[in-house]
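Engineer: Quick one: the structure is below, and I'll ask about it shortly.
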Ligand SMILES: [Mn+2]
């Protein structure tokens, strides 16, 4: 990988954009100075922004109907790390990879950690998988895992999560993300109360084995694969469980896992207020849990989420330490391109939120001026911060324009011979 995007290659690439970036950056700097904002401070904050890439995201996803594999797809965790390294080398915004088990399971995880480190990568939250059956697995998750009516099945699912903690220790991860597909397809199929009681009992056992410096992230999802009821269906149930489990348990917000039109930024504010925000799985959607690229449909919503996050940062909210991760399915694009685009889109929302005039906004709120309050947010959202993002990347050693840089290198074509297509894949949609 390093041969493709070495220092010389990047410098040559950046050269062609330098004048335009400087020109736009200086003009934006003058504009922001009139708002008493120092552009270099914003650029430094952009350089510090980081969002994890999911290991499964670098494989081509699919739908229930078909999967159309791309050229030179990664076949295992080592090759996934190579692709993740390309994304971080060019964007300088994704130094962490969120692994998934058992898909990323290999005998020598210490070697995986070393390989990642060689790429300048480390590991974010470990994801467990009790939503599908693995080869040779004694008991099926067809009717549930951590909430299953059968205790032996619950114990099998608990044991898998405890294994994930052990894998995570080797990888130097510091959190476990648990999403279960448990639920029902028919009224009466499942006793709502019994299922949640089983969940809490199972999660208590997992929580009890969590190292002191680890956190437990509970991911909720409204529907799918269960189409009538889902055990951990919304942020209310998720935060109730997190409160029940203890201080190391938090509620994770996946942007696609809510009912249509739900005010997600308000949920974020509530979770911050009660110190229960785990972090995010960023993606976008038009209809349901579409797993589209972040910011591709609702960039203003993504900005409003960051408005809450930056507000919390600004006021020094207690325990505020959200984990950012992308969680998307790339069905018709090159996953590397989509993940680069998305990381930059989320970074853009963060930077735009930094531009909100918070004192003026507070004045509007105090003086009951809804129109100007809204305009203050819009003014920040409508500011083109592209030159700040490009400048941050170049200063950090990345690419001025990651997409054209990536395409110029013809990465996929060049590695295709080393990565023949395989049938079946541990990548894709989750
Ligand atoms: Mn997710």
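In my numbering, the protein residues as written are 671 to 1100.
The beta-carbon is built from N, C-alpha and C at its ideal position, and this holds for glycine as well.
1. Please look up how many angstroms separate the CB atoms of residue 725 and residue 757, rounded, as I've assumed it's under 8 Å.
2. Could you tell me which residues DSSP pairs with residue 920 in its beta bridges?
3. Starting from the N-terminal side, write out each stretch of the alpha helix (DSSP H) that is 4 residues or longer and does not extend beyond the stretch 814-845.
4. Does the beta-carbon distance from residue 847 to residue 797 come in below 7 Å?
5. Quick check: what's the CA-CA separation for residue 1013 versus residue 1073?
6. Please look up how many angstroms separate the CB atoms of residue 793 and residue 755, rounded, as I've assumed it's under 8 Å.
7. Report the partner residues of residue 994 according to the DSSP bridge assignment.
8. Once you ignore the five residues that flank residue 908 on each side, which residues in its own chain have a CB closer than 8 Å to its CB?
9. Cutting at 7 Å between CB atoms, please list the residues of its own chain near residue 1104, excluding the five before and the five after it.
10. If you measure from the CB of residue 1134, is any heavy atom of ligand 1 nearer than 6 Å?
11. Could you pull the start and end residues of the alpha helix (DSSP H) that residue 1019 belongs to?
12. My understanding is that residue 1068 touches residue 823, with C-beta atoms under 8 Å, so please give their C-beta distance in whole angstroms.
13. Assess, as a yes-or-no matter, whether the stretch 738-746 is touched by the stretch 1033-1046 under the definition of 3 or more beta carbon pairs within less than 8 Å.
14. With distances taken between CB atoms, is the gap from residue 1022 to residue 961 smaller than 7 Å?
15. Counting Cβ pairs, one atom from each stretch, are 3 or more of them under 8 Å apart for the stretch 937-945 and the stretch 976-994?
16. Quick check on residue 965: does DSSP put it in helix, strand or coil?
17. Using C-beta distances below 8 Å, list every residue in its chain close to residue 1080, excluding the 5 sequence neighbours before and after it, in chain order.
18. Alpha carbon to alpha carbon, how far is residue 703 from residue 1053?
19. Looking at ligand 1, does it come within less than 6 Å of residue 1000, judged from the CB to the closest heavy atom?
20. So is the beta-carbon of residue 997 under 6 Å away from any non-hydrogen atom of ligand 1?
21. Taking its Cβ as the centre, do 16 or more other Cβ atoms sit within 10 Å of residue 892, making it buried, or is it exposed?
22. Just to confirm, does residue 904 get its C-beta within under 6 Å of one of the non-hydrogen atoms of ligand 1?
23. Using C-beta distances below 6 Å, list every residue in its chain close to residue 992, excluding the 5 sequence neighbours before and after it, in chain order.
24. Could you tell me which whole beta strand (DSSP E) segments of length 3 or greater appear in the stretch 716-797?
25. Given a cut-off of 7 Å, decide if residue 780 and residue 840 are closer than it, judged by their beta-carbon atoms.
26. Between residue 1001 and residue 731, how many whole angstroms is the CB-CB distance? I'm expecting something under 8 Å.
27. Report yes if the C-beta of residue 954 is less than 6 Å from at least one heavy atom of ligand 1; otherwise report no.
28. Express the C-alpha separation of residue 871 and residue 802 in angstroms, rounding to a whole number.
29. Compute the beta-carbon to beta-carbon distance between residue 709 and residue 763, rounded to the nearest angstrom, for a pair I have assumed lies under 8 Å.
30. Between 904, 837, 911, 916, which has its C-alpha nearest residue 924's C-alpha?
31. What is the DSSP secondary structure of residue 810, reduced to helix, strand or coil?
32. Could you work out which residue in 850, 718, 933, 1056 is closest to residue 900 when comparing CA atoms only?
33. So, for residue 1055: in the same chain, excluding its five sequence neighbours on each side, which residues have a beta-carbon less than 7 Å away from its beta-carbon?
34. Could you tell me if residue 1061 is buried or exposed, where buried requires 16 or more neighbouring beta carbons within 10 angstroms of its beta carbon?
35. Output yes or no for whether 7 Å exceeds the beta carbon distance between residue 982 and residue 973.
36. State the Cα-Cα distance for the pair residue 776 and residue 827, rounded to the nearest angstrom.
Structural biologist: The structure says:
1. Rounded, the Cβ-Cβ distance is 12 Å, inconsistent with contact.
2. 887
3. 821-841
4. yes
5. 12 Å
6. At roughly 13 Å, the Cβ-Cβ gap does not stay under 8 Å, so residue 793 and residue 755 are not in contact.
7. 950
8. 888, 889, 890, 902, 921, 922
9. Outside the displayed range of the chain (671 to 1100) lies residue 1104, so it cannot be described from this structure.
10. With the chain covering 671 to 1100 only, the question about residue 1134 has no answer from this structure.
11. 1005-1024
12. The pair is not a contact, with the Cβ atoms about 46 Å apart (cut-off 8 Å).
13. no
14. no
15. yes
16. coil
17. none
18. 14 Å
19. no
20. yes
21. buried
22. no
23. 947, 949
24. 766-768
25. yes
26. 5 Å
27. no
28. 21 Å
29. At roughly 18 Å, the Cβ-Cβ gap does not stay under 8 Å, so residue 709 and residue 763 are not in contact.
30. 904
31. coil
32. 850
33. 1018, 1021, 1022
34. buried
35. no
36. 19 Å
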